[in-house]
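The sequence shown begins at 277 in our numbering and counts up one residue at a time.
Comments concern the structure below.
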Amino acid sequence: MAHFRRLPGPIADVWDWQHHGACKGRDSLQFFHPDGERGSSRGRRENAAKQVCGRCPVRSECAAHALTTREPYGVWGGFTENERHQLLQLGWRECADRRGDRVDVQRLEARLSDDVSAPAR
277 MAHFRRLPGP IADVWDWQHH GACKGRDSLQ FFHPDGERGS SRGRRENAAK
327 QVCGRCPVRS ECAAHALTTR EPYGVWGGFT ENERHQLLQL GWRECADRRG
377 DRVDVQRLEA RLSDDVSAPA R
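Pasting the structure below:
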């Protein structure tokens, strides 16, 4: 469950980025898995969602929102549930701007790549 107390108040400027998302008007099933979805079908859906996110003008804001509120489901800002969980474990705040409403997506992706390539302990 999302942590609603972490959500900012109902200030239009805080939420305005959502009006500019590449996902706006798309079927939410592309970004959120149906019950029981696993394996290659889940991977294909997540990759398609990530392609939409890759060309999104507000990807940085979306990823920051998902990490700040600990969104438990779906692809947000080009990061899957598992990737966001990994970023929460690794630390992501130093990749955010001073206010925490934008993140450096490339640095987060590099952090995930570095963690995957690190030898197991």
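Ideal placement from N, C-alpha and C gives every residue a C-beta, glycine not left out.
Computed from a predicted structure; not experimentally measured.
Could you tell me which of the options sits nearest to residue i, measuring between CA atoms?
{"i": "Q365", "options": "R346, D377, S316 and R375", "result": "R346"}
{"i": "N358", "options": "R302, F308 and D292", "result": "F308"}
{"i": "D391", "options": "H341, R375 and G367", "result": "G367"}
{"i": "C299", "options": "R387, D377, L384 and G350", "result": "G350"}
{"i": "V379", "options": "H296, H341, G315 and D311", "result": "H341"}
{"i": "L363", "options": "R374, D377, R375 and R383", "result": "R383"}
{"i": "G376", "options": "A386, H361 and A339", "result": "A339"}
Would you please state the rounded distance, in angstroms, between the beta carbons of residue i and residue j? I believe it to be under 8 Å.
{"i": "V328", "j": "R302", "result": "7 Å"}
{"i": "R320", "j": "Q306", "result": "The pair is not a contact, with the Cβ atoms about 11 Å apart (cut-off 8 Å)."}
Hey, how far is the Cα of residue i from the Cα of residue j?
{"i": "W291", "j": "G312", "result": "31 Å"}
{"i": "R343", "j": "R314", "result": "In the sequence as displayed, the identity of residue 343 is Leu instead of Arg. Their Cα atoms are separated by approximately 23 Å."}
{"i": "R318", "j": "P348", "result": "16 Å"}
{"i": "H296", "j": "E337", "result": "11 Å"}
{"i": "S389", "j": "A372", "result": "18 Å"}
{"i": "S316", "j": "V381", "result": "25 Å"}
query: Can at least three beta-carbon pairs, one atom from the segment 345-357 and one from the segment 327-335, be found at a separation below 8 Å?
result: yes
Contained alpha helix (DSSP H) runs [length at least 4] in the segment 342-396, N- to C-terminal order: 357-366 and 381-393
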